[in-house]
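Q:
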Amino acid sequence: MKDLVTRFNVLKNKTVEITDKYFPERQLVLRTDGDIKYLRASKRLQMSIASVVFSFISWSSYTTVTHFLHDSELLAKDQEILSVQVAYRSLLTEVNEYQNKFTNISNELEANHSMLVASIDKDVTKKEDKLISAAAARKEAQIARLHLNTQLHSIEESMQELASRNYSLKGDLSLKEMDLQTAIAERNTARLQKKRLEEKLQNLEVQMARLNHSQEDLIQRVTDQASNEIADIESILTTAGLDPDKMLTHLDEDTSASGGPFIAAVSKDGEDLNEVENTSLDHVDQHLSRWQGLQQIRQSLPLAQPLDYYYISSRFGKRRDPVNNRWAVHYGLDMAASKKSPIYVTAPGTVTFAGWKGNYGRFITIDHGNGIETRYGHLHKILVKKGDHVDFRTQIGLVGSTGRSTGAHLHYEVRVNGKNVDPYKFIKAGRNVFQG
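Letter 168 of the sequence shown, counting from 1, is numbered 211 in the working numbering, and no numbers are missing.
1) Taking Leu223 as the reference, which of Glu248, Leu152 and Ser207 has the closest Cα?
2) Between Val394 and the rest of its own chain, which residues show a CB-CB distance below 6 Å, the 5 nearest in sequence each way excluded?
3) Quick one: residues in its chain with C-beta nearer than 8 Å to the C-beta of Asp172, no 5 flanking neighbours on either side, listed in chain order?
4) Output the distance between the C-alpha atoms of Ala84 and His110, rounded to the nearest integer angstrom.
5) Determine the contact status of Thr437 and Tyr387, defining contact as a CB-CB distance below 9 Å.
6) So for Ser149, helix, strand or coil by DSSP?
7) Near Lys383, what residues of its chain come up, given a Cβ to Cβ distance below 7 Å and the 5 sequence neighbours on each side ignored?
8) Determine the DSSP secondary structure at Ser482, reduced to helix, strand or coil.
9) According to DSSP, Gly392 sits in a beta bridge with which residue or residues?
10) Excluding the five sequence neighbours on either side, which residues of its own chain have a C-beta within less than 6 Å of the C-beta of Thr136, listed in chain order?
11) Work out the CA separation of Met251 and Gln185 for me, nearest whole Å.
12) Three-state secondary structure (DSSP) at Thr49?
13) Could you tell me the boundaries of the beta strand (DSSP E) in which Ala347 lies?
14) How big is the Cα-Cα spacing for Ile439 and Ala390?
15) Alpha carbon to alpha carbon, how far is Thr417 from His373? Give it in angstroms, no decimals.
16) Please report the straight-line C-alpha distance between Val457 and Glu123, rounded to a whole angstrom.
17) Please state whether DSSP places Gly473 in a helix, a strand or coil.
18) When you compare each of Gln89, Glu60, Val53 and Gly77 to Arg69 by their alpha carbons, which one comes out closest?
19) How far does the beta strand (DSSP E) with Ser356 in it extend, from its first residue to its last?
20) How is Phe406 classed by DSSP in three states: helix, strand or coil?
21) How is Gly412 classed by DSSP in three states: helix, strand or coil?
22) Measuring straight from C-alpha to C-alpha, what distance separates Leu54 and Val96?
23) Using DSSP's beta-bridge definition, name the partner residues of Arg458.
24) Contact between the region 461–476 and the region 343–350 is defined here as three or more beta-carbon pairs at a separation below 8 Å; is this criterion met?
25) On the premise that Leu195 lies in contact with Lys237, defined as a C-beta separation below 8 Å, what is that separation, rounded to the nearest angstrom?
26) Helix, strand or coil: which one does DSSP assign to Ala451?
27) Determine, using beta carbons only, whether Leu254 and Arg181 come nearer to each other than 9 Å.
28) State the Cα-Cα distance for the pair Asp114 and Asp121, rounded to the nearest angstrom.
29) On the criterion of 16 or more Cβ atoms from any shown chain inside 10 Å, does Met378 qualify as buried, or is it exposed?
30) For Ala179, count the other beta carbons within 10 Å of its own beta carbon; 16 or more makes it buried, fewer makes it exposed. Which is it?
31) List the endpoints of the continuous beta strand (DSSP E) containing Leu441.
32) Which same chain residues end up closer than 6 Å to Ala397 when comparing Cβ atoms and leaving out the 5 residues on each side of it in sequence?
33) Check whether the Cβ atoms of Leu280 and Leu240 lie closer than 9 Å to each other.
34) Where does Gly302 fall in DSSP's three states?
35) For Ser91 and Ala119, I'd like the C-alpha separation in whole angstroms.
36) Return the CA-CA distance between Tyr65 and Ala93, expressed in angstroms with no decimal places.
What follows is the structure in structure tokens.
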């Protein structure tokens with residue numbers, strides 16, 4: 044305690060010494076009109092004035108520095124806002140460019156799709172006509188050959204008769220001279236006709252060989268093209284999770300409505316046409332029939348996307364229910380998008396249902412034929428009615444959140460022969476088709 048008092052006294056004495064040194068008592072002499080006045084400035088007054096001056100200087104310095112720093116921060120903020128605005132405008136420009144590119148690509152894909160279908164149909168029709176013409180020409184050549192063989196046989200019989208007659212007339216040359224000359228002339232004429240017919244027969248055989256070669260070449264080209272196109276379509280069906288043979292079986296059941304007793308067809312000569320049928324024609328006919336069936340199925344496949352802009356919020360199969368969080372089976376694909384976004388049909392078809400459907404809200408079902416249908420749920424608005432025929436990429440509704448739903452999205456289903464399948468496989472297969 045004593046040490047503390049001692050230190051305090053020392054500090055007090057030093058303070059007094061400093062104040063006495065820098066703030067001694069001063070007197071100010073004021074002279075006015077010959078009068079002299081003295082103004083006393085005490086130590087306390089000087090210290091007060093010095094404190095006020097120091098405080099003013101400190102406040103001025105602080106205010107100046109603060110103002111400068113505040114202006115610097117405002118300038119930095121303005122520059123940052125300006126850069127953000129420039130970046131936002133650039134982003135909007137890029138988005139518009141991507142939208143224009145997507146629109147152009149969609150238009151080109153639709154045009155290419157229509158052109159490809161028309162070209163293939165026209166090409167196949169021409170090739171079938173050529174095959175029919177070649178087969179008809181071959182049958183005519185065969186008939187002509189049979190006719191020439193018959194004539195040759197008849198001529199040979201006539202020559203034999205003439206030879207017999209010639210031998211019988213040798214015993215009476217003088218009486219039968221004229222008959223012999225006539226017989227010789229007829230024989231020579233018959234030989235000449237035989238030679239001409241043999242030449243015609245050889246020419247027909249050459250023509251038939253050429254026709255056979257041309258027909259085989261045409262059959263091979265048609266078969267190769269059909270095989271390639273069959274492989275492409277079967278790859279699409281496999282990617283979509285479908286069995287091409289089962290789909291064709293179902294297609295045959297729907298289109299083979301015919302019957303009656305079996306009566307074998309025969310040619311003019313009595314030959315069974317089933318025995319003389321060209322195996323190459325059978326082979327190409329099988330390929331063309333399979334290609335036509337697969338092409339019919341391909342045209343009814345929903346390979347496009349029902350929305351232009353979306354993200355998948357729930358996939359096909361087992362999932363947690365979004366409302367009660369319990370395990371459930373999801374038979375479709377939930378595609379989240381902005382409310383009122385346009386919904387497009389993914390393949391041509393006929394509207395079989397358009398209205399309210401319980402937990403699905405506003406709901407549309409479209410039949411595409413061949414046992415394939417698509418379903419669209421939770422719509423904000425329906426733009427079609429039952430019985431309407433809709434073309435590829437026709438707008439049928441707007442995205443909404445009607446029914447049992449937690450937000451704006453499209454519930455999209457694909458059904459094949461009454462069974463739900465994963466729609467994403469069709470979308471994936473469609474991407475490969477449209478990119479190719």
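Where is the CB? At the ideal position from N, CA and C, for every residue including glycine.
A: If we stick to the structure as given:
1) Ser207
2) Ile409, Val427, Lys429 and Asp431
3) none
4) 37 Å
5) yes
6) helix
7) His423, Leu441 and Val442
8) This structure leaves residue 482 out entirely; the chain is present only between 44 and 479.
9) Val433
10) none
11) 8 Å
12) helix
13) Per DSSP, Ala347 belongs to no beta strand (DSSP E) and is neither H nor E.
14) 12 Å
15) 15 Å
16) 50 Å
17) helix
18) Gln89
19) Tyr354 to Ser357
20) strand
21) strand
22) 25 Å
23) Glu416 and Asn463
24) yes
25) 7 Å
26) coil
27) yes
28) 11 Å
29) buried
30) exposed
31) Gln438 to Val442
32) Ile407, Ile425, Val427, Lys428 and Lys429
33) no
34) Residue placement at Gly302 is flagged as unreliable, the pLDDT there being 47, under the threshold of 50; a coordinate-derived value is accordingly withheld.
35) 42 Å
36) 11 Å
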